[in-house]
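Protein chains in written order, with the working numbering: chain A, 3 to 441; chain B, 129 to 247; chain C, 197 to 710. Glycine included, every Cβ here is placed at the ideal spot set by N, Cα and C. Here's the structure we're looking at; comments come further down.
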Amino acid sequence: MPSLNDFGHDPLWISIIKAVVIFVFLVLAVLFGVWTERKLISRMQHRYGPNRAGKFGLLQSVADGLKMGLKEDLTPSGVDKVLYLVAPLILVVPAFISYSIIPFGPVVSMFGVKTPLQLTDLPVAVLLVLAMASLGVYGIVLAGWASRSPYAILGGLRSTAQVISYEIAMGLSFVAVFLYAGTLSTSEIVAKQAGGGTLDIGSLTIPMPSWYAIQLIPSFLIYVLTMLGETNRVPFDLPEGEGELVAGFHTEYSSSLKFALIMMAEYVNVFVVSGLSITLFLGGWRAPWPISLWDGANHGWWPLLWFFIKLVIVFGFFVWVRAALPRVRYDQLMALGWKVLIPLNLVWILLVATFRALRVDKGPVVFTMLAIIVIGALAVYFYFDTANQRRREARAQEIQQDFETLADAPALGGFPVPPLDLPHYHGVHSSKEVTSGSN
Amino acid sequence: MELYVPILVLAVLAAGFAVFSVGIAPFTGPKRWNRAKLDAYECGIEPTPQPIGGGRFPLKYMITAMLFIVFDIEIIFLYPWAVTFDKLGVFGLVEMVLFIVTVLVAYAYVWRRRGLDWD
Amino acid sequence: MTDTITAPTIEYLLLSPLLVVFGAAIVGVLVEAFAPRYLRAAFQVPLTLLSLVAAFALVIFVVVKDGVPNKAAAMGAVAADGPALFIWGTILLLAFVSVLLIGDDFVPSAVAVPGSVEEERAVSEGAAHTEVYPLVLFAVGGMLLFAASNDLLVMFVALEVMSLPLYMLCGLARRRRLLSQEAAMKYFLLGAFSSAFFLYGTALLYGYAGSIDLSKISTSLSSVGGQDSLLFIGAAVLGVGLFFKIGAVPFQMWKPDVYQGAPTPITALMASGTLVAAFGALLRVFWVALGNLEWDWSPVVWAVAILTMVVGAILAITQTDIKRMLAYSSIAHAGFILTAVVATAGAKQNSLALSGILFYLVAYGLTTVGAFGVVTMVRDPGGEAWHLSRWAGLGKRSPKLAMVLAFFLLAMAGIPLTSGFFAKYAVFSAAVSGGAVALVVVGVVASAIAAFFYVRVIVLMFFSDPAADGPSIVMPIATRGVVGFAALATVVLGVFPQPVLDLASKAAQSLFVR
Chain A
3 MPSLNDFGHD PLWISIIKAV VIFVFLVLAV LFGVWTERKL ISRMQHRYGP
53 NRAGKFGLLQ SVADGLKMGL KEDLTPSGVD KVLYLVAPLI LVVPAFISYS
103 IIPFGPVVSM FGVKTPLQLT DLPVAVLLVL AMASLGVYGI VLAGWASRSP
153 YAILGGLRST AQVISYEIAM GLSFVAVFLY AGTLSTSEIV AKQAGGGTLD
203 IGSLTIPMPS WYAIQLIPSF LIYVLTMLGE TNRVPFDLPE GEGELVAGFH
253 TEYSSSLKFA LIMMAEYVNV FVVSGLSITL FLGGWRAPWP ISLWDGANHG
303 WWPLLWFFIK LVIVFGFFVW VRAALPRVRY DQLMALGWKV LIPLNLVWIL
353 LVATFRALRV DKGPVVFTML AIIVIGALAV YFYFDTANQR RREARAQEIQ
403 QDFETLADAP ALGGFPVPPL DLPHYHGVHS SKEVTSGSN
Chain B
129 MELYVPILVL AVLAAGFAVF SVGIAPFTGP KRWNRAKLDA YECGIEPTPQ
179 PIGGGRFPLK YMITAMLFIV FDIEIIFLYP WAVTFDKLGV FGLVEMVLFI
229 VTVLVAYAYV WRRRGLDWD
Chain C
197 MTDTITAPTI EYLLLSPLLV VFGAAIVGVL VEAFAPRYLR AAFQVPLTLL
247 SLVAAFALVI FVVVKDGVPN KAAAMGAVAA DGPALFIWGT ILLLAFVSVL
297 LIGDDFVPSA VAVPGSVEEE RAVSEGAAHT EVYPLVLFAV GGMLLFAASN
347 DLLVMFVALE VMSLPLYMLC GLARRRRLLS QEAAMKYFLL GAFSSAFFLY
397 GTALLYGYAG SIDLSKISTS LSSVGGQDSL LFIGAAVLGV GLFFKIGAVP
447 FQMWKPDVYQ GAPTPITALM ASGTLVAAFG ALLRVFWVAL GNLEWDWSPV
497 VWAVAILTMV VGAILAITQT DIKRMLAYSS IAHAGFILTA VVATAGAKQN
547 SLALSGILFY LVAYGLTTVG AFGVVTMVRD PGGEAWHLSR WAGLGKRSPK
597 LAMVLAFFLL AMAGIPLTSG FFAKYAVFSA AVSGGAVALV VVGVVASAIA
647 AFFYVRVIVL MFFSDPAADG PSIVMPIATR GVVGFAALAT VVLGVFPQPV
697 LDLASKAAQS LFVR
């Protein structure tokens, strides 16, 4: 079971080996992640998906990557050259760095050196991920800004607003985990999820689940939402809403390896948030329940496999969501982030903290706090609920009124709507069908 | 400090890869100059002239950015509090309830003044 | 991992004035959020005034009940000692009368471009920025904390809490809006610079002393060796931030522009409350933290004091805008107070100088609020009659008002039988007994120069003919009350200053806690 003390003793060459392995792993994960996504989503849509390059189309992404490398490297004439070139770098590098604190497994012997299967760990490891996510935002802003194109600027601004909004909800959803774990170090958080502890109700002793995803369901659900928002994935992929913004902030990165880098950064970010969700909520590299009965499951190199399986499952979830859900509207997206996730999160944090304080101190102060939180939350909820209800009704009425005035008066700007009781609506028209194009 | 060295290694690796990709791109592809190709893409219409140094952008985004700072700082206060919560006990709880309520006052103000609405 | 962190102790009663002001400000924000527009002012005005009165009462209650505390409160972060309590009372009183001045001086919608359709709509809808009241309360709370903070970081936070609302308030004037917005912008930019200077100085001093606590910095002066450049640069840079806030030359540039552009009640608050708070903080930093370094900073403060007095007095002569003139006079007065800041020697001398400064701050604060109150009363069709030529012949049209203003101006000039005389006497006599005779000579000369432009306004008002379309006099009851109160205070402090002098010297007796 590694803890913070196990880190910082690696010789440099071990660090280099681990860094190279993680780097190669991520590059391959991007290549095959794209393939998996396309294959999976096409299966969900009753298509074949890529199946030309290599067996099962496995080499499709490799071919795409090569093709991008061989395309003309366009730098539009109006762009701010330096920022335009730097932006993809700022996007990519932090995404990779975030992976350095994701634990893949316990301490193993690597070329005779005892070392944990994790590049490094910090007392503030999770903060590093958040910091890197914030740095990545600069890449988005600068890419949009440097492009000097309306689509790119709008896309960049939207993307930034979205990412920073969801970053808050994401950061808040971790707090409950830290309350339980008492540390920000990822390896120790994984360790804390090892034993579930027990709950005593009378004489009954019930073993508690150990994953924070189950112990702290609200936090986990919020995290799942924010992880979709943070990575600009469906249903929150508005920055790339091709119907309105072409390709968002990377409109002007039309071909070549710069676009490949941006694409890669997006996928690496998906793997980062997936890896983080596994580490913080899904037990990390530790084997899930039936497998964990086998003693060797959490030792040696096996945990790599469990981690990888979990990663594939979480990534599969991303794809599944993409296949299943439509894109939301931008105001809905921001409303969800600011008006639902943040207040919910804060109230949930306070509730968790109060119950945790109740375990050590059953004094009146804690109960008062509990009462304040519950009553305050309920009051706010009902206030806004009724306010929203009233607003919705007023809005519906207004629309109804508009509709009525406009329906009768095309001159006022209403649509010339044909009367709703025309005979052909009811299948009684007699004329023969007119083929298209004959006019 | 040793804890941070591996991060540096990975950063150098990633940065090297990225710089290499950006740097090699002009040499691997063909070069066929065409004025229209170098214009900003606006679905085929004449590109809108963009002011040098960037133009004005909707104030909404700045409000969002400022709110982000407020809440981000709140998060930064919450993390150490959460980590040491068991040591702080009731005192920590009371203080944090007060702090969050104070932030929520500003949040309620912004909400009521429609600072969170997008149209 | 099992050890527990002991909860800090906080002297809630001692800090209750602060808590009341901040609490009322937060309630004010809630009122803004949830009360319907037509009710907001009806909530805000009583809330603001009552909280200021309650805080003032609490200050008195604390002093009467427990006397003056002799150690810093809130784990050494806030020093609510004698001078601080005196300054709190002063600031709360000045804030109260400044709030009473608030009338229709504020813009209905600050985001609307001046003269635009949006602005017209805001006016016709009856929009109003009642946020002004919570903002004032936040600023006042910041002032209270600024004067009482016992470590540099708390001081910085207080500085920001005080300044940020003021930046915003400056830009909200209803009339001459572009000037007002320009003032807010200038104040914000320069204020941000000075805050950065302050923070940089804090960092350097922390690097030198290993602590941001004022008294620990003081003790480290004798124990740390070999890092004098850190200390000197840090102290100098910190001083820049503080001198900016009191508007001492050469950091005075913002004062005329900001005083001119800001809504007059806010100008009154800044000219009185901010100055008081800034002097509280300045004294604390120079006397408590850097007291043992006196031989190094006192020549600098000498130079600054001389420059401030002379430049303030001379530039005021050339002004044609009444608010700008009062701004330069405020600069000159900051210089007069600085003469006592340098006059340090043993504890007895220090308490003499401190009590002089405290008395000066009360007397000058009330006089200047009264003067700005009179400025709000004299109206042209387009707002206040700012140009001095419009004031010609006011003595014939409205003798009482002109007399009151003349009285305030004489008090600022330091004529006997006004509060200004005893204030100047207290400060200058402290400076003389502290050995700063040369400084006092300059101060007296500067006072004479200053008297010239004060008298010039009086001559203009009484001995020239009124213009045909002269300004009209608007006298809201609250403003009248404020001006009357200020005039009364100026008389009482000028004729019978002993009780306040006693109070000031009692407050100054224990000096600042360490």
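In this structure, DSSP gives P662 of chain C a state outside helix and strand, which the three-state scheme calls coil.
The C-beta separation of S167 of chain A from W340 of chain A comes to about 6 Å, placing the pair in contact by the 8 Å criterion. Within the DSSP secondary-structure output, G579 of chain C pairs in a beta bridge with C:D576.
Exposed is the label assigned to R361 of chain A, since fewer than 16 other Cβ atoms lie within 10 Å of its Cβ.
Interface criterion not met: the Cβ of E174 of chain B is under 7 Å from no Cβ in chain A.
Distance from V445 of chain C to G542 of chain C at the Cβ level is roughly 30 Å; contact not present, criterion being Cβ atoms closer than 8 Å. If you look at G141 of chain A, you'll find it in the alpha helix (DSSP H) that goes A127 to S149. The Cβ atoms of G367 of chain C and S376 of chain C sit closer than 7 Å to each other. Around A642 of chain C, the same chain offers M505, V506, G508, A509, A528, G531 and F532 as residues with beta carbons nearer than 8 Å, after the five sequence neighbours per side are excluded.
Contact of F219 of chain B with chain C by beta-carbon distance below 9 Å involves I201, T202, A203 and P204. In terms of Cβ geometry, P310 of chain C and R373 of chain C form a close pair [threshold 7 Å]. T540 of chain C sits in coil when the DSSP states are folded into three classes, being neither helix nor strand. Rounded to the nearest angstrom, the gap between the Cα atoms of V226 of chain A and P242 of chain C is 48 Å. Chain-ordered listing is empty here: chain B has no CB closer than 7 Å to the CB of V670 of chain C, the nearest sitting near 32 Å. Taking a Cβ-Cβ cut-off of 7 Å, the neighbours of R240 of chain B in chain C comprise A229 and F230, given in sequence order. Between L340 of chain C and L214 of chain C, the CB-CB gap stays under 7 Å. Annotated as proximal: G146 of chain A and I155 of chain A, with beta-carbon spacing under 7 Å. Looking at the DSSP output, L119 of chain A shares a beta bridge with A:G107. The beta carbons of G157 of chain B and K83 of chain A sit no closer together than 7 Å.
Here L216 of chain B is not near I206 of chain C, since their CB atoms are 7 Å or more apart.
The residues A543, N546, S547 and L550, in chain order, have a CB closer than 7 Å to that of L707 of chain C in the same chain once the five nearest residues on each side in sequence are set aside. Cβ-Cβ separation between N234 of chain A and Q164 of chain A: approximately 7 Å, consistent with a contact (criterion under 8 Å). Under the three-state reduction of DSSP, I611 of chain C is assigned to coil, being neither helix nor strand. Taking a Cβ-Cβ threshold of 8 Å, the residues of chain C close to V233 of chain B are I222, V225, L226 and A229, in chain order.
Pairing F251 of chain A with A31 of chain A gives a Cβ-Cβ distance that is not under 7 Å. Under the Cβ distance rule, A164 of chain B does not count among the residues neighbouring chain C, no pair being separated by less than 7 Å. Among the residues facing chain A, Y237 of chain B is not included, as its CB has no counterpart in that chain under 7 Å away.
Using beta-carbon distances, A193 of chain A does not count as an interface residue toward chain B, since no partner is under 7 Å.
Between the alpha carbons of A627 of chain C and L699 of chain C lies a gap of roughly 20 Å. About 20 Å separates the beta carbon of G397 of chain C from that of G422 of chain C, a gap too long to meet the 8 Å contact definition. Around the beta carbon of V275 of chain A, 16 or more other beta carbons lie within 10 angstroms, which makes this residue buried. The residue from B:E130, B:I135 and B:F155 with its alpha-carbon nearest to that of L76 of chain A is B:F155.
Not flagged as an interface residue toward chain C: K159 of chain B, since no C-beta distance is shorter than 7 Å.
In terms of beta-carbon proximity, K188 of chain B stays away from the interface with chain C, with every pair separated by 7 Å or more.
Between G172 of chain B and A164 of chain B, the alpha-carbon positions lie close to 10 Å from each other. In this structure, the CA atom of T286 of chain C is about 6 Å from the CA atom of V558 of chain C.
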